[in-house]
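Protein chains: 2
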Amino acid sequence: MDEKIAILRSAIGRFVAPTDQEWDMLAPWLSVKTIKKHELFCREGERADLVGFMLSGTMRHYYTRDGIEKTTYFYFENHFVSSYISCITGQPSQLTFEALAECELIVFPYHKMKQLFKQSILWQEFGRLIAEYLAKGLEERMAGLLMLSPEERYLALISSDKTKILERIPQHYIANYLGITPVSMSRIRNRVTKK
Amino acid sequence: MDEKIAILRSAIGRFVAPTDQEWDMLAPWLSVKTIKKHELFCREGERADLVGFMLSGTMRHYYTRDGIEKTTYFYFENHFVSSYISCITGQPSQLTFEALAECELIVFPYHKMKQLFKQSILWQEFGRLIAEYLAKGLEERMAGLLMLSPEERYLALISSDKTKILERIPQHYIANYLGITPVSMSRIRNRVTKK
DNA sequence: TGATTTTATTATCCTTTGTTATCGTTCCGG
DNA sequence: CCGGAACGATAACAAAGGATAATAAAATCA
């Protein structure tokens, strides 16, 4: 347990450097949670109030439209996972989070986090930096969608895949992620490998 | 001047409620700036350090790729405008901001803002809420790009255009914003109005 | 005002993607 | 270990968007 906490602490350290005292404000609310393959971390329509940190496993999140799932993001070990927009707005989540492989998480309730924001400028700063990090990632992703063709997006993904998406995620989910259909992605792969 | 400041203060009030004392931390760094039509607020390749609040006017921002401008956002009176990602990362801006109509802004340097973050939990919270607001908007926009067809995106825009984009922005910029070509957008308009 | 530039529409042609269906293969649960 | 479901590749066809060019309308500005 302690070493799991240590991993989280180091991940938080990428954003802020809490003192022991500040850390003790957070620690009581942490718990470990396991999610089996195909189980859900968060369900569409429900208000989310859980932020997780992935110790291991794989997760995807998807929107549902006309009964069709559109997968738009993947999560791996050592990263935070949450229906963050739902947490911050208090609105029902538009997203469903599903484990693609068994996940071990450290979780804490966002409403407790909000209390920390009020109590401590360090945790308030942490909240800011997390939101900025999120915004930065979304901005980059959106620029790719607006500026690049599907084929270019695929090429960009394979040439910068630090997160092992291609090895660990079924192709039809990746196609969703790139904003194209699985069939089209298969064609692109065919086209690209022949060059 | 004072009434301009009052407008900004009310806009900030949508996020936090500064006391007079907290407000005095910010006020010294505020100034009014005018940008004539076709002039730039921020230039690609330069590190941005300016956050603006639009009192009047219209602005767009665009990426440049192979010498082609891709307009991806518009700004109107009563909203904040900034190459925020560049401000928070300190990296050169990927975006250029151009006034489409003469703009009057209240501006303040982001590096001063960062000092306020350190000094005051209220301003730190303001920073968080701004970033969250940005993330929320980007998330929504990205979901649209991934889930909707160009025609659906156009229809979504015209049916929810609170920002007067359609009336005040040339169509070929809007086409960029929707991720399609101007010609394609013209076809969609034709198709849609016949129904 | 008149000339030039910018903007929007339309037509043509071509490429790409979406859709649907088929066919192996792999994966997984009973 | 077997059988059904999930997955990926491929084919055929339809629909849509991209590229280009021509034209018309509108805005800009000297």
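Going down the list, the sequences are from chains A and B. Under the working numbering, the first residue of the first sequence is numbered 1, with each subsequent residue one higher. Under the working numbering, the first residue of the second sequence is numbered 1001, with each subsequent residue one higher. C-beta: ideal position from N, C-alpha, C; glycine also.
Which word fits residue i, buried or exposed, when buried means at least 16 other C-beta atoms lie within 10 angstroms of its C-beta?
i, result
"residue 190 of chain A", "exposed"
"residue 119 of chain A", "exposed"
"residue 139 of chain A", "buried"
"residue 142 of chain A", "buried"
Quick one: what's got a C-beta closer than 7 angstroms to residue i's C-beta in the same chain, skipping five residues either side?
i, result
"residue 1086 of chain B", "1047, 1048, 1092 and 1093"
"residue 4 of chain A", "32, 55 and 106"
"residue 1160 of chain B", "none"
"residue 1029 of chain B", "1108, 1109 and 1112"
"residue 1188 of chain B", "1150, 1151 and 1154"
"residue 1076 of chain B", "1054, 1058, 1163 and 1164"
Once you ignore the five residues that flank residue i on each side, which residues in its own chain have a CB closer than 8 angstroms to its CB?
i, result
"residue 64 of chain A", "44, 70 and 96"
"residue 37 of chain A", "99, 100, 101 and 102"
"residue 165 of chain A", "74, 157, 174 and 177"
"residue 22 of chain A", "120, 122 and 123"
Looking at residue j and residue i, is the spacing between their C-beta atoms short of 8 angstroms?
i, j, result
"residue 133 of chain A", "residue 60 of chain A", "no"
"residue 1098 of chain B", "residue 1055 of chain B", "no"
"residue 1089 of chain B", "residue 1074 of chain B", "no"
"residue 53 of chain A", "residue 80 of chain A", "yes"
"residue 145 of chain A", "residue 192 of chain A", "no"
"residue 25 of chain A", "residue 129 of chain A", "no"
"residue 135 of chain A", "residue 1131 of chain B", "yes"
"residue 34 of chain A", "residue 104 of chain A", "yes"
Chain A beta carbons: is any one of them nearer than 8 angstroms to that of residue i?
i, result
"residue 1063 of chain B", "yes"
"residue 1022 of chain B", "no"
"residue 1151 of chain B", "no"
"residue 1014 of chain B", "no"
"residue 1128 of chain B", "yes"
"residue 1179 of chain B", "yes"
"residue 1188 of chain B", "no"
"residue 1026 of chain B", "no"
Might you give, ordered along the chain, the residues of its own chain that have their beta carbon closer than 6 angstroms to the beta carbon of residue i, omitting 5 neighbours on each side?
i, result
"residue 42 of chain A", "48, 83, 93 and 97"
"residue 1180 of chain B", "1150"
Does residue i come within less than 8 angstroms of chain B when only Cβ atoms are used?
i, result
"residue 50 of chain A", "no"
"residue 141 of chain A", "yes"
"residue 171 of chain A", "no"
"residue 85 of chain A", "yes"
"residue 100 of chain A", "no"
Mind listing, in chain order, the continuous alpha helix (DSSP H) runs of no fewer than 4 residues lying wholly within the stretch 67–143 of chain A? 84–89 and 110–119
Output the residue ranges of the beta strand (DSSP E) runs that lie fully inside the stretch 9–56 of chain A and measure 3 residues or longer, sorted by chain position. 31–35 and 40–42
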